[in-house]
Every structure is written in structure tokens, then in C-alpha cells.
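In the working numbering, the protein residues as written are 311 to 483. Think of the CB as a built atom: it goes at the ideal place given N, C-alpha and C, for glycine as much as any other residue. Remember, it's a predicted structure, so these values are computed and weren't measured experimentally. For reference, the structure is listed below as C-alpha cells.
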């Protein structure tokens, strides 16, 4: 039966494709509107069209969310320019960084470091499970030096939000 055995392969952010499509749609709409306004004003040239295209590419790069994937013992965050990976089973520190959005900062024994938006973990229970399992291995191995309490509080927050979502979806809240 499908789904009854152990899961194979990495898990990914299940909302990434929709967010990437939205980023592409916004960039294309910006490009189309800019070229249309320039064309209507009779000022469109090849150079100006190239500028609008370059600006649209920049809009896309800014709006494109990071792609988060995880597997047994690792977590990877890929942005438009770089890819960062940490060994979740060999974490040294876990820190929560507040800003415009809450971010989780992870460091491993090999010097790897990455940041990811906490909302990605909240929206993807399988990603959260992989990270949680890796962190438990880090605690068991003794590599985790700081952040276990912050991670535990984050886990409680994510569990609470997940339970609320399930209750809402079932019509019980």
C-alpha cells in the first residue's frame, strides 16, 4: 500500500512551486506593463526593452523564495545565487533570529551555516520532522552546544499551529 512504509528520498517545501509561479507571474506582469507603457508613449527602443527585461529578472530574483529540501541527516536551502547545506545530525547551534520574518539559523560541525524562514517549517510537517529527527541525533551525539531550548519552544509553537490548522480544516474550531 502506498504511503504505509518508510518514506524514501528527500522531502521538499510543498508550497515552493506555487510561490515560484507567483514570482514569475509578477515579474512577467511588470515587464509587460513597463513595455506597454513605454510603447504607448512611443519611447520604446531595444535598449529600453533590455532594461525592462533586466529589471523584470531582478523582480523575479527578489520574489523567488528559497527552496528548502531535507533528507536523513541534512537540510538544504537554495536561493537564486547560492546553495547552503547543513548536517542536521551534527548541529552545533540552533538560533532563532527575529527580524521582518522569524528565521532559524543552523550551524553544523563542518562549518556549514544556513538560515530559513520558520514559516516554511510550519507549513511543511515533513520538513519539520526531518529537522527535528536530525536535531535529536545531534543531542544524542553531544554535538549540539546551544539552542536546544529555543528549538524545543519552536517545536511547541509549530505543533500548536499544526493542531489549530487540523482543527480548522476539520471544522472543529
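Tell me the rounded alpha-carbon separation between residue i and residue j.
i           : j           : result
residue 468 : residue 394 : 23 Å
residue 379 : residue 426 : 11 Å
residue 389 : residue 330 : 11 Å
residue 312 : residue 335 : With a pLDDT of 39 at residue 312, under the threshold of 50, the modelled position of that residue is not reliable, and the figure given next carries that caveat. Taking the straight line joining both Cα atoms gives about 35 Å.
residue 452 : residue 405 : 17 Å
residue 381 : residue 333 : 26 Å
residue 476 : residue 346 : 45 Å
residue 445 : residue 373 : 30 Å
residue 357 : residue 410 : 36 Å
residue 450 : residue 386 : 22 Å
residue 471 : residue 352 : 53 Å
residue 430 : residue 349 : 41 Å
residue 479 : residue 384 : 31 Å
residue 344 : residue 391 : 26 Å
residue 398 : residue 418 : 7 Å
Which first and last residues belong to the beta strand (DSSP E) in which residue i is found?
i           : result
residue 386 : 384-388
residue 407 : 401-407
residue 380 : 377-381
residue 396 : 393-397
Would you kindly report the start and end of the unbroken alpha helix (DSSP H) that includes residue i?
i           : result
residue 489 : Given a span of 311 to 483 for the chain in the structure shown, any question on residue 489 remains unanswerable.
residue 416 : Taken as a continuous stretch (DSSP letters only), residue 416 belongs to no alpha helix (DSSP H), being part of the beta strand (DSSP E) at 413-418.
residue 432 : 428-433
residue 335 : 326-350
residue 465 : 458-480
Candidates the options: which alpha carbon is nearest residue i's?
i           : options               : result
residue 328 : 423, 348, 354 and 376 : 376
residue 400 : 455, 471, 337 and 324 : 455
residue 440 : 407, 350 and 465      : 465
residue 368 : 397, 338 and 343      : 338
residue 462 : 442, 355, 479 and 478 : 442
residue 326 : 434, 459, 460 and 458 : 434
Quick check on residue i: buried or exposed, where buried means 16 or more other Cβ atoms within 10 Å of its Cβ?
i           : result
residue 481 : exposed
residue 315 : Caution is warranted here: a pLDDT of 42 is assigned to residue 315, below 50, making its placement in the model unreliable, and no coordinate value can be reported.
residue 448 : buried
residue 432 : buried
residue 324 : exposed
residue 366 : buried
Handout entry: contact_flag[the segment 360-368, the segment 414-427] where n(CB pairs < 8 Å) is 3 or more
Key = no
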